[in-house]
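Colleague:
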Ligand code: HDD
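Residue numbers (our numbering): 10 to 691.
1) Per DSSP, what kind of secondary structure is residue 530 in: helix, strand or coil?
2) May I ask whether a heavy atom of the ligand NAD can be found less than 6 Å away from the beta carbon of residue 147?
3) Rounded to whole angstroms, how far is the Cβ of residue 376 from the Cβ of residue 370, which I believe are closer than 8 Å?
4) Please state whether DSSP places residue 329 in a helix, a strand or coil.
5) Give the range of the alpha helix (DSSP H) segment to which residue 698 is assigned.
6) Taking all protein chains shown into account, decide if residue 689 is buried (16 or more other Cβ within 10 angstroms of its Cβ) or exposed.
7) Looking only at C-alpha atoms, which of 105, 497, 65 sits nearest to residue 207?
8) Does the distance from the CB of residue 164 to the CB of residue 209 come in under 7 Å?
9) Is residue 85 near the ligand HDD - that is, is its Cβ less than 6 Å away from at least one heavy atom of it?
10) Is it true that the segment 87 to 106 meets the segment 60 to 74, where meeting means three or more beta-carbon pairs spaced less than 8 Å apart?
11) Note the first and the last residue of the continuous alpha helix (DSSP H) segment covering residue 243.
12) By how many angstroms is the C-alpha of residue 122 removed from the C-alpha of residue 462?
13) Excluding the 5 residues preceding and the 5 following residue 525 in the sequence, name in chain order all residues of the same chain whose CB lies nearer than 6 Å to its CB.
14) Flag residue 127 as yes when its Cβ comes closer than 6 Å to any non-hydrogen atom of the ligand HDD, and as no otherwise.
15) Taking the straight line between their C-alpha atoms, what separation do you get for residue 558 and residue 548?
16) So, do the segment 390 to 408 and the segment 355 to 373 have three or more beta carbon pairs nearer to each other than 8 Å?
17) Tell me whether residue 371 counts as near the ligand HDD, meaning its Cβ is closer than 6 Å to at least one heavy atom of that ligand.
18) Assuming residue 586 and residue 346 form a contact by the criterion Cβ under 8 Å, report the distance between their Cβ atoms to the nearest whole angstrom.
19) Let me check you understand the geometry: is the CB of residue 143 closer than 6 Å to at least one non-hydrogen atom of the ligand HDD?
20) Since residue 38 sits in a beta bridge, which residues does DSSP pair it with?
21) For residue 235, I'd like the list of residues in its chain whose CB is within less than 8 Å of its CB, leaving aside the five on either flank, ordered along the chain.
22) Take residue 134 as the anchor and find which of 188, 98, 171 has the nearest alpha-carbon.
23) Measure the C-alpha to C-alpha separation of residue 40 and residue 74 and round it to an integer number of angstroms.
24) Can you tell which of 617, 640, 527 has its C-alpha closest to the C-alpha of residue 700?
25) So for residue 663, helix, strand or coil by DSSP?
26) Are residue 665 and residue 354 closer than 7 Å when you measure CB to CB?
27) Alpha carbon to alpha carbon, what distance is there between residue 619 and residue 555?
28) Among 268, 421, 317, which has the Cα closest to the Cα of residue 233?
29) Name the two residues that bound the continuous beta strand (DSSP E) containing residue 92.
30) Which first and last residues belong to the alpha helix (DSSP H) in which residue 276 is found?
31) Spatial neighbours of residue 195 within its chain, please: CB distance less than 7 Å, with the 5 preceding and 5 following residues excluded, ordered by chain position.
32) Find out if the Cβ-Cβ distance for the pair residue 501, residue 214 is shorter than 7 Å.
33) Identify every run of the beta strand (DSSP E) within the segment 75 to 155, keeping only runs that are complete inside it and at least 3 residues long; order them along the chain.
34) What is the rounded straight-line gap between the Cα of residue 667 and the Cα of residue 98?
35) Less than 7 Å between the C-beta atoms of residue 229 and residue 157, yes or no?
36) Which residue comes first and which comes last in the alpha helix (DSSP H) that contains residue 495?
So this is what it looks like as structure tokens:
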């Protein structure tokens with residue numbers, strides 16, 4: 010058998026290959042391998058008689074079907090995953106003994122699952138919510154799971170409060186409303202009564218909670234972990250994923266509409282990108298703090314409601330992750346994947362962050378229920394790529410056939426094997442941190458400042474981002490029936506920013522707080538999406554094309570956009586051929602009603618000399634929606650007339666051009682810019 014420790018090609022892929030099966034072209038059998046002759050009619054006593062129990066194929070087929078569902082994840086139920094690889098740029102040898110972080114160029118297979126938190130498995134993907142960003146590294150020393158989010162802080166500081174937080178955000182128990190939404194009384198009641206949520210709420214109300222794509226989100230390990238090097242020296246570390254495409258979001262009105270038009274928008278986007286070979290990439294960064302500096306900050310570095318501002322502790326980019334393969338089967342791989350922040354490898358250890366400590370219990374516990382027993386590590390997606398041997402035995406669905414007499418330690422029959430291994434030979438050794446304290450149920454004084462970083466976050470936002478936060482809060486609180494809760498929340502957030510709290514209060518019909526405000530003037534420019542990478546790659550354009558268009562020029566433009574990485578989709582009133590006035594006809598992939606403006610990043614309207622009133626109405630709807638959502642708009646030929654009719658000609662991000670080449674140049678820049686916030690909208 011091949012040594013699975015070798016990471017050539019992709020060792021996880023090779024391992025999974027043993028479990029894949031092809032059914033196409035095969036004969037139908039029962040699970041016992043018996044060929045089946047009839048799969049349409051159950052066995053009956055006479056053509057019109059009762060079904061007979063002895064029809065074993067019927068019984069097996071039905072029983073399997075009846076048992077096809079497993080409990081959904083209690084949080085992060087709605088998710089989507091892909092395979093890929095991680096490549097190291099820079100050795101972390103000085104900081105960690107982790108083998109996959111030693112030699113530049115080392116490649117490690119990964120499996121990444123993105124998710125929303127609150128909604129059920131079938132909920133819309135554009136909920137205003139945190140996104141899970143869980144990565145399983147299949148290293149040669151075992152699995153390392155980085156079970157993070159797209160927001161670098163968390164709602165609570167101690168894991169004991171997690172069930173309360175989740176009970177509050179999930180649909181309310183008496184009527185199971187609302188689905189996949191935090192805009193309801195119990196969530197905001199929890200917020201007002203648990204003020205450690207303040208910082209996370211600022212992120213949750215920001216554009217980060219409505220990402221444009223999984224491919225355009227940052228990821229964070231959130232907790233402070235520990236790197237431990239070969240000599241046993243420790244450093245505090247935080248982990249970051251930085252998307253090559255930048256961090257981008259949609260607007261709230263758009264998000265809500267996408268949920269209706271295409272509730273699979275995010276998974277579709279990831280799936281299609283990978284299928285097309287546009288492999289999403291993230292760079293991997295670490296922030297490192299020396300142990301000696303643990304107490305040098307004006308916050309506690311073990312508090313998961315705090316970030317380490319990048320300007321103070323730079324993010325060192327040490328590698329890159331590429332997602333390059335979709336799963337073969339969503340249930341077998343994505344649904345059965347079991348992530349766990351306690352899955353670490355030698356050289357990576359925990360800290361005393363009380364949120365992290367509690368997570369270490371919860372994740373195994375939940376898999377026992379969800380995946381039905383203690384053998385979930387044997388499910389192909391969860392197996393490490395290195396061998397594993399121990400004395401754990403039996404249990405539901407055990408697959409490994411452990412040979413021999415011995416299943417205990419210590420023993421003499423097998424010379425004490427499987428044997429323990431010292432740290433020099435790769436045995437995991439827990440970091441020998443000195444701990445001294447009384448057993449208390451309390452929280453450190455150093456965890457008590459809940460508002461400074463919340464204020465810093467708000468200070469770091471651009472004007473449009475601040476506006477979105479106020480709108481989001483007004484929306485969410487506006488959905489709370491209890492006026493008392495609305496009041497409590499604005500009073501609480503007056504400690505973050507008085508003007509913000511007052512404006513929200515005005516919107517939601519409660520008394521604007523008179524005092525409050527924050528003395529914090531610090532800002533962290535890295536937090537604003539205004540400062541992110543802006544490129545046109547993989548952005549979509551709805552091309553509105555009607556009969557009688559200029560075939561040669563439009564073809565040139567469409568190809569010009571494709572050359573720059575943009576993905577144009579031709580839309581017309583009918584699918585199929587659209588006749589050109591001169592040059593070649595083109596094919597419409599979508600009709601106005603099968604597509605929708607909210608599903609595209611930009612619009613390019615061409616129209617044509619023969620378009621009718623209905624076409625103009627549809628095109629105007631597309632233009633208006635795009636305009637209201639601040640998206641780039643382009644027009645050439647007869648399309649320019651539609652821009653005039655819609656009174657958009659002088660607005661920013663609206664490109665009209667006679668010359669095809671300069672149209673392409675200007676429109677590509679506009680698409681890269683993502684949104685035009687300066688537009689006047691109603
Ligand atoms: Fe959690 C799932 C991320 C706190 C308990 N969590 C889960 C997933 C992600 C996170 C991404 C989905 C994994 C997947 O795709 O299968 N969770 C976080 C982050 C946290 C966090 C970044 C704070 C920093 N979680 C947290 C706490 C607890 C849990 C404090 C409980 C004490 N989380 C769970 C869970 C889940 C889970 C109940 C549900 C399904 C699962 O574990 O496998 O155990």
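For each residue, glycine too, the CB sits at the ideal point set by N, CA and C.
Modeller: Taking the structure as given:
1) On the chain shown, position 521 is the one that residue 530 refers to. Correct three-state label for residue 530: coil.
2) In the structure shown, the ligand NAD is absent; the only ligands present are the ligand HDD.
3) The count along the chain shown starts at 1 and reaches residue 376 at position 367. The count along the chain shown starts at 1 and reaches residue 370 at position 361. The pair is not a contact, with the Cβ atoms about 12 Å apart (cut-off 8 Å).
4) Taking the first residue of the chain shown as 1, we reach residue 329 at position 320. The answer is strand: DSSP assigns residue 329 an E or B state.
5) Past the edges of the chain, shown from 10 to 691, lies residue 698, and the structure says nothing about it.
6) Indexing the chain shown from 1 puts residue 689 at position 680. The C-beta of residue 689 has fewer than 16 other C-beta atoms within 10 Å across all chains shown, which makes the residue exposed.
7) As a first step, residue 207 is located in the chain shown; it is residue number 198 there, counting from the start. For residue 207, the nearest C-alpha among the options comes from 497.
8) What you label residue 164 is simply residue 155 of the chain shown in a count that begins at 1. What you label residue 209 is simply residue 200 of the chain shown in a count that begins at 1. Closer than 7 Å, so yes.
9) In the chain shown, counting from the first residue as 1, residue 85 sits at position 76. Result yes, Cβ under 6 Å from the ligand HDD.
10) no
11) On the chain shown, position 234 is the one that residue 243 refers to. Taken as a continuous stretch (DSSP letters only), residue 243 belongs to no alpha helix (DSSP H), being part of the beta strand (DSSP E) at 243 to 252.
12) Position 453 of the chain shown, counted from the start, is the residue given in the question as residue 462. Position 113 of the chain shown, counted from the start, is the residue given in the question as residue 122. Taking the straight line from one Cα to the other gives about 29 Å.
13) The sequence position of residue 525 within the chain shown is 516, counting from 1. Contacts found: 503, 504, 507.
14) One-based indexing of the chain shown puts residue 127 at position 118. Not so, every heavy atom of the ligand HDD lies at least 6 Å from the Cβ.
15) By one-based count along the chain shown, residue 558 stands at place 549. By one-based count along the chain shown, residue 548 stands at place 539. Going from the Cα of residue 558 to the Cα of residue 548 covers about 24 Å.
16) no
17) Here residue 371 corresponds to residue number 362 of the chain shown, with the count starting at 1. Because some heavy atom of the ligand HDD lies under 6 Å away, the Cβ of residue 371 counts as near it: yes.
18) Counted from its first residue, the chain shown places residue 586 at position 577. Counted from its first residue, the chain shown places residue 346 at position 337. About 44 Å separates the two Cβ atoms, so there is no contact after all.
19) As a first step, residue 143 is located in the chain shown; it is residue number 134 there, counting from the start. The answer is yes for residue 143.
20) Against the chain shown, residue 38 aligns to sequence position 29. Answer is 44, bridged to residue 38.
21) For the purposes of this step, residue 235 is identified with residue 226 of the chain shown, where counting begins at 1. Once the five neighbours on either side are set aside, the close Cβ partners of residue 235 are 243, 244, 245, 246, 357, 358, 359, 360, 440.
22) Within the chain shown, the letter at position 125 stands for residue 134. Nearest option by C-alpha distance: 188.
23) Taking the first residue of the chain shown as position 1, residue 40 is located at position 31. Taking the first residue of the chain shown as position 1, residue 74 is located at position 65. Distance between the alpha carbons of residue 40 and residue 74: 13 Å.
24) In the structure as shown, the chain begins at 10 and stops at 691. Residue 700 is therefore absent and cannot be evaluated.
25) On the chain shown, residue 663 is found 654 positions in, with the first residue counted as 1. Looking at residue 663 - three-state DSSP - the assignment turns out to be strand.
26) The sequence position of residue 665 within the chain shown is 656, counting from 1. The sequence position of residue 354 within the chain shown is 345, counting from 1. Contact: no.
27) Within the chain shown, numbered from 1, the residue matching residue 555 stands at position 546. Within the chain shown, numbered from 1, the residue matching residue 619 stands at position 610. Computed Cα separation, rounded: 7 Å.
28) In the chain shown, counting from the first residue as 1, residue 233 sits at position 224. Out of 268, 421, 317, 317 has the C-alpha closest to the C-alpha of residue 233.
29) For this step, residue 92 is matched to residue 83 along the chain shown. It spans 88 to 97 - the beta strand (DSSP E) in which residue 92 sits, taken as one unbroken run.
30) Taking the first residue of the chain shown as position 1, residue 276 is located at position 267. Looking at the DSSP string, the run of the alpha helix (DSSP H) that includes residue 276 is 274 to 285.
31) If you number the chain shown from 1, residue 195 lands on position 186. Here the set comprises 177, 181.
32) Against the chain shown, residue 501 aligns to sequence position 492. Against the chain shown, residue 214 aligns to sequence position 205. No.
33) 88 to 97, 116 to 125, 140 to 148
34) One-based indexing of the chain shown puts residue 667 at position 658. One-based indexing of the chain shown puts residue 98 at position 89. Approximately 46 Å, taken between the alpha carbons.
35) The residue labelled residue 229 in the question sits at position 220 within the chain shown. The residue labelled residue 157 in the question sits at position 148 within the chain shown. The criterion of a C-beta distance shorter than 7 Å is satisfied by residue 229 and residue 157.
36) Looking up residue 495 in the chain shown gives position 486. Segment 492 to 502, the alpha helix (DSSP H) holding residue 495.
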